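The structure under discussion appears below in the form of structure tokens.
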Amino acid sequence: MAEVIFNNLQKVYSNGYKAVHGINLTIADGEFMVIVGPSGCAKSTTLRMLAGLETISGGEVRIGDRVVNNLAPKSRGIAMVFQNYALYPHMTVKDNLAFGLKLSKLPKEQIEEQVNEAAKILELEELLDRLPRQLSGGQAQRVAVGRAIVKKPDVFLFDEPLSNLDAKLRASMRIRISDLHKQLKKSGKPATTVYVTHDQTEAMTMGDRICVMKLGHIMQVDTPDNLYHYPKNMFVAGFIGAPEMNIKPEQNW
């Protein structure tokens, strides 16, 4: 369990384009924070800086009591689930779950225990001997989530993990991921979760709090109810809710 802090976080590319404009955000221990916004708002760039997959141009990222700006991804205590499942096609589900633990040279008994625990949580027990090609899209994504769980990280990172699923599976996986977060919390093993999406339905139904971004700036950070009922500016008012709010041109915010 770890608090995540962005302190004046910035990203400037080599061509001079500034993607992230000095954002400040504190994500509490065990909180489920959703970062949402339209394409090009730098939400994934922000997540990648937290993960160590993108260099930080200015400011700092803290995980727990450590500044992690210059730490390798494997040293940050994180586990990340991407939009693409990225399962090893020649390995069974069980071997896919165990792969990262084997690289860490954990004892065989501990690997077995952590794999079985993740399989039970995600209802993968009957799929452990299957290959990825024998899985449905939802099952494959559950395996991807399982690979994150077995690492027992301080922070879970999700980068639009449901975008490749159909509407019915997306709804089902939203519930699974939310329930997983609550289950880990109840079991005394809470993990801070940062979830990036462009889908406001995912954001409003999953997050303890939501961070709305636009063009590398934070527009508002609040609970789903407060975002909907008390938007702080015209962008949030128009972005959150379906159908979107009608705003008179002469109305000032």
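Just so you know, full-length UniProt numbering puts 90 at position 90 of the sequence shown, and the rest follows in order with no gaps. Built from N, CA and C at the ideal position, the CB exists for glycine as well. Predicted, not measured: the structure shown is a model, and the values here were computed from it.
Among all the DSSP beta bridges, which residues are the ones paired with residue i?
i           : result
residue 86  : None, per the DSSP bridge assignment.
residue 66  : 63
residue 220 : 212
residue 79  : 156
residue 7   : 60
Measure the CB-CB distance between residue i and residue j and report whether it falls below 8 Å.
i           : j           : result
residue 51  : residue 78  : yes
residue 219 : residue 213 : yes
residue 62  : residue 8   : no
residue 34  : residue 161 : no
residue 192 : residue 27  : yes
residue 155 : residue 122 : no
residue 158 : residue 196 : yes
residue 10  : residue 58  : yes
residue 89  : residue 130 : no
residue 18  : residue 216 : yes
residue 115 : residue 94  : yes
Measure the alpha-carbon distance for residue i versus residue j and round it to whole angstroms.
i           : j           : result
residue 202 : residue 108 : 37 Å
residue 148 : residue 228 : 31 Å
residue 151 : residue 16  : 37 Å
residue 179 : residue 91  : 28 Å
residue 245 : residue 36  : 18 Å
residue 71  : residue 240 : 36 Å
residue 221 : residue 100 : 34 Å
residue 233 : residue 83  : 30 Å
residue 185 : residue 118 : 15 Å
residue 67  : residue 60  : 7 Å
residue 56  : residue 13  : 10 Å
residue 23  : residue 210 : 15 Å
residue 127 : residue 231 : 44 Å
Assign residue i to one of two classes, buried (16 or more other C-beta atoms within 10 Å of its C-beta) or exposed (fewer than that).
i           : result
residue 31  : buried
residue 104 : exposed
residue 75  : exposed
residue 247 : exposed
residue 45  : buried
residue 29  : exposed
residue 96  : buried
residue 20  : buried
residue 142 : buried
residue 190 : buried
* **Inter-stretch contact (C-beta, 8 Å, three-pair minimum) for the region 137-149 and the region 163-177** => yes
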